[in-house]
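Per full-length UniProt numbering, residue 1 is the first one in the sequence shown, and the count goes up by one each step. Beta carbons: idealized from backbone N, C-alpha and C, even for Gly. Below you'll find the structure, written out as structure tokens, and then a few comments.
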Amino acid sequence: MPEKDKESDILKKNNVNTPENEDREEEAAEEETGPEPLGWDFIDGIFKKIYKNTEPLHYGNISPFGEKKLKGISVYDVKGKNPHWHFVTYGLSELYEKESANPEKSGYGIELTFRLAKEESETEVPNWAINFLNNLANYIFKTGNVFNEGHYLNTNGPIAANSNTNLKAVVFFRDAELNKVYKSPNGSLKFLQITGITHDELEAVIAWNTEKVTELLGLPLNITYLNRDSRITEEILEKVELGIETDGSSTRFLYVDKAELETEFRYIFRLGALGAVSLSNLLRGVVLKSKVLTLYSKYKITFQMSFENRIEEKEYGYDIYFTKETAVEIADKIGPKAEMIILESFEGFDLIIEKSYIRDRYGKIVEVVG
């Protein structure tokens, strides 16, 4: 062996630094430490400004190879006048170095937060809330559909699994204390807070406006109180009705359990009872305001105003045009009750309201509407 090669070999065996060894050590150090957590540290810094030296509890996730999941969820134990758990997700934005092609936005551009009222005797973070946030994030990862402020979601059952809570829907808006768009090292980021609401509160949100209705509910910091009753009162309903009359509805899309049109002999529109009240409100707040309302179920159906009643078949489903008289008649007649409705203003078009079945995550029927 040449002397130079022999010397090099001895140096390597005895861990003596050579330029070649130093390069390898730097590479090994990079592999050991991994990429710099620029995005993660940025989120930590934001919450440190609020909670100072309070250390959060952190619940990490292990992701199977190739599967997108949250990296984890941190939970702050908030004391004071309105004690609650403050959750924040890690992983919907880019936590390490920039990877996505969009330089303006960090990942999906959001992280989810959730403020859950803390019981006086409660010492441990409720597991259901961790699972709930993971499930919402998994939906985003799998579908690419990103929640945004003003959005709402009917959970078709209690938001807390195996509980008797009246909260069966959620709304989304910017976190009560993090109400701006942040510029992280990897792009823009906002914290989207989730708040649990009851079914009749959801109907008011759909009929009018998420932010305005939630403000009327008067929930401090938009905290979710699992054991509360509906806050909808006659006074709030009057304000919602006035808001619909003045502003119309901010809703343009409605997802329902069933909405189908039969066209073989005459037009028969089948609608699940769960969506009937929403459709009634939206005919007033959207269609009668000369805007287009879109229903999503098995396929897409749009409703809009016209000078004559007519139906057009499309590749995606149907476009249904109502006169003002027909839109008002349907809005007045439909509700969450299984029945057949014969319209006077649209001959040959009947409505059948069918029972809606609410199931838990195991597929078991927990409630029947209609």
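Item: Residue from A117, Y321 and T113 whose Cα sits closest to the Cα of L136; Value: T113
Item: Selected residue, minimal CA-CA separation from A207, among R266, I194, F132 and V286; Value: V286
Item: Three-way DSSP call (helix, strand, coil) for T113 in this model; Value: strand
Item: Residues that DSSP places opposite W208 in a beta bridge; Value: DSSP, once it has assigned bridges, lists no residue as partnering W208.
Item: Sheet register partners of E339 (DSSP bridge); Value: I353
Item: Inter-stretch contact (C-beta, 8 Å, three-pair minimum) for the segment 220–228 and the segment 172–184; Value: yes
Item: Rounded straight-line distance, which links the Cα of I358 to that of V256; Value: 12 Å
Item: DSSP beta-bridge partners of Y299; Value: BP columns for Y299 are empty, so no partner.
Item: Buried versus exposed call for A101 [16 or more other C-beta atoms within 10 Å across all chains shown]; Value: exposed
Item: Under the three-state DSSP convention, the category L133 falls into; Value: helix
Item: Where F269 falls: helix, strand or coil (DSSP); Value: strand
Item: P58 classed as buried or exposed, judged by whether at least 16 other C-beta atoms fall within 10 angstroms; Value: Checking the sequence, you will find His at residue 58 rather than Pro. Per the 10 Å Cβ criterion, exposed.
Item: Own chain partners of E122 with C-beta closer than 6 Å, once the 5 adjacent residues on each side are dropped; Value: none
Item: Per-residue burial, K168 [other beta carbons within 10 Å of its own, 16 or more giving buried]; Value: buried
Item: Closest by C-alpha distance to L274, when choosing among A129, D200 and I46; Value: D200
Item: Span of the alpha helix (DSSP H), counted from its first residue to its last, around V328; Value: K324 to K333
Item: Buried versus exposed call for V181 [16 or more other C-beta atoms within 10 Å across all chains shown]; Value: exposed
Item: Where the beta strand (DSSP E) containing F173 begins and where it ends; Value: L167 to R174
Item: Those runs of the beta strand (DSSP E) which lie wholly inside the segment 230–255 and span at least 3 residues; Value: 253–255
Item: Environment of S184 [buried if 16+ CB atoms lie within 10 Å]; Value: buried
Item: Reference F172; option with closest CA among K333, D332, F191 and V277; Value: F191
Item: Best match in N82, K314 and G335 for proximity to E120 [C-alpha to C-alpha]; Value: N82
Item: Closest Cα partner of G187 within the set V292, S106 and G60; Value: S106
Item: Burial state of I232, where buried means 16 or more other Cβ atoms lie within 10 Å; Value: buried
Item: At least 3 beta-carbon pairs within less than 8 Å: the segment 44–62 vs the segment 73–80; Value: yes
Item: As assigned by DSSP and simplified to three states, the class of D23; Value: Only weak support exists for where D23 lies, its pLDDT of 48 falling under 50; the value from the coordinates is given anyway. D23 falls in the helix class under three-state DSSP.
Item: Whole-Å CB distance - K212 paired with G248, under 8 Å assumed; Value: Incorrect: roughly 12 Å between the Cβ atoms, too far for contact.
Item: Where H151 falls: helix, strand or coil (DSSP); Value: coil
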